[in-house]
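**Q** In case it helps, UniProt numbering puts the sequence shown at residues 1 to 311.
Even glycine gets a Cβ: it sits at the ideal position worked out from N, Cα and C.
On a predicted model such as this, the values are computed, not experimentally measured, just so you know.
Dumping the structure here so I can ask a few things about it.
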Amino acid sequence: MAKQEKEIDLIVVGAGPAGLAAAIYGGRAKLDMIVLEEKIIGGQVRNSYTIENYPGFEKISGSELADIFQKQVESLGVTIDEFDLIENVELYEDKKIVETESYIYKPKSVIIATGASPKKIPVLNESKYQGKGVHYCAVCDGAIYEGKKIGVVGGGNSALEEAIFLTKFAEKVFIIRRHDYFNGEKSLIDEVLNHPKIEVLFNEDLVDLKGENFLDEVVIKNKNTGKLSNLKLDAVFGYIGTEPKTNGFDKYLKVNDYGYIITNEDMETNIDGVYAVGDVREKKYRQITTAVSDGTIALLNAEKYIVQKER
């Protein structure tokens, strides 16, 4: 049976903060639009245990903030189509097609807000222990390890925040850091360095994972001396950066050497009417506030583009 075709003003691909901010402005502009989300509404924000740097909230959980975003979008009459996977994309100056499992959309404009996913821990047998001791979401999986010893790999804000969160469950948390410094906010660094349950292993690289069926030990290598050491751990959580989720859009759009979509300050890509926002685009700072800003800018420009197309 042939899929139904739908001609609409705008498709926003991705329902993280950037995509939802665009949807709020799009709803207020009364655009005929839809938001497509292949997973859970809220993006990586929903996995944040505590957010303390979003204006208007002294402290709020990621899931609560995502729920507020979603409620606001839906109150404006914008449809969020969750779990309808994109099967094909065509992006040209004069034609844009986004085909999902259910429909073939022909939008005038597209805003790509697909975000980024965690980089895998670069150890050969990482896949053997995925879900069996190797994880990338402390909020999702941390509670499994009540009273256990947990490792966190990384040195940015995400690694620091999740290490602190994991102390709610763990007997002890080891931060495995390949350098002798952190890249995070000073308040987080101070909290980590002074936390009684956290031990920081500076200048150490995770080089191997061990265990019969589940992880029970890791091997670390000192960068200065080359010495190998075994460390008994029940789990390792990786926070070593992200990789953009371009979902085939990179076939049409210019990307940098790391795969992030290149835009100008108006969020415009190399194809008229196509915009990229949030963590999927090339940018210096990746915060909830900057993602929301991206989504706002993209929608305001997309609205102008759509109006011009209708003339």
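For residue 288 and residue 302, I'd like the C-alpha separation in whole angstroms.
**A** 21 Å
**Q** Is it true that the stretch 91-98 meets the stretch 170-178, where meeting means three or more beta-carbon pairs spaced less than 8 Å apart?
**A** Between the stretch 91-98 and the stretch 170-178, the count of Cβ pairs shorter than 8 Å is below three; the stretches do not touch.
**Q** Whole angstroms is fine: what's the gap from residue 152's alpha carbon to residue 199's?
**A** 10 Å
**Q** Helix, strand or coil for residue 17 per DSSP?
**A** helix
**Q** Can you grab the Cα-Cα spacing for the pair residue 98 / residue 105, in whole Å?
**A** 5 Å
**Q** Whole angstroms are fine: how far does the CA of residue 102 sit from the CA of residue 85?
**A** Cα-Cα distance, rounded: 9 Å.
**Q** Flag this pair as touching only if the stretch 111-124 and the stretch 241-254 have three or more C-beta atom pairs under 8 Å; answer yes or no.
**A** yes
**Q** Under DSSP, the alpha helix (DSSP H) around residue 289 begins and ends at which residues?
**A** 288-310
**Q** Measuring CA to CA, which of 12, 2, 3 and 4 is closest to residue 273?
**A** 12
**Q** Contact check, residue 53 vs residue 140 under 8 Å by CB: the rounded distance?
**A** With a Cβ gap of about 22 Å, residue 53 and residue 140 do not count as contacting.
**Q** Since residue 103 sits in a beta bridge, which residues does DSSP pair it with?
**A** 4
**Q** Which word fits residue 269, buried or exposed, when buried means at least 16 other C-beta atoms lie within 10 angstroms of its C-beta?
**A** buried
**Q** Under 8 Å, with one C-beta from each stretch per pair, do the stretch 120-132 and the stretch 209-225 reach the 3-pair mark?
**A** A contact is defined here as three or more CB-CB pairs under 8 Å, and the stretch 120-132 meets this definition with respect to the stretch 209-225.
**Q** In three-state terms, what does DSSP make of residue 228?
**A** strand
**Q** Can you give me the Cβ contacts of residue 70 inside the same chain, cut-off strictly under 6 Å, excluding the 5 residues immediately before and after it?
**A** Same-chain partners within the cutoff: 41.
**Q** Rounded to whole angstroms, what's the CA-CA distance from residue 164 to residue 192? Just pull it up for me.
**A** Residue 164 and residue 192: Cα-Cα distance of roughly 7 Å.
**Q** What's the gap between the Cα of residue 284 and the Cα of residue 238?
**A** 21 Å
**Q** Would you call the stretch 56-64 in contact with the stretch 11-31, where contact means no fewer than 3 C-beta pairs closer than 8 Å?
**A** Between the stretch 56-64 and the stretch 11-31 there are fewer than three C-beta pairs closer than 8 Å, too few to call the two in contact.
**Q** Tell me the DSSP secondary structure of residue 162 in three-state form.
**A** helix
**Q** With 16 as the cutoff for other CB atoms within 10 Å, does residue 87 come out buried or exposed?
**A** exposed
**Q** What alpha helix (DSSP H) runs, 4 residues minimum, are completely inside the stretch 45-83?
**A** 62-75
**Q** Might you give, ordered along the chain, the residues of its own chain that have their beta carbon closer than 7 Å to the beta carbon of residue 82, omitting 5 neighbours on each side?
**A** When the five nearest sequence neighbours on each side are left out, the beta carbons in the same chain lying within less than 7 Å of the beta carbon of residue 82 are those of 37 and 41, in order along the chain.
**Q** Taking the alpha-carbon of residue 157 as reference, which of 309, 21 and 286 has the nearest alpha-carbon?
**A** 286
**Q** Using a Cβ-Cβ cut-off of 6 Å (strictly less than) and excluding sequence neighbours within five positions of residue 7, which residues of its own chain qualify?
**A** 106
**Q** According to DSSP, is residue 31 part of a helix, a strand, or is it coil?
**A** Note: residue 31 maps to coil in three-state DSSP.
**Q** Which residues does DSSP list as the beta-bridge partners of residue 135?
**A** 237
**Q** With DSSP collapsed to three states, give me the class of residue 92.
**A** coil
**Q** Within 10 angstroms of the Cβ of residue 281, are there 16 or more other Cβ atoms? Answer buried if so, exposed if not.
**A** Counting the other CB atoms within 10 Å of its CB gives residue 281 a total of 16 or more, which places it among the buried residues.
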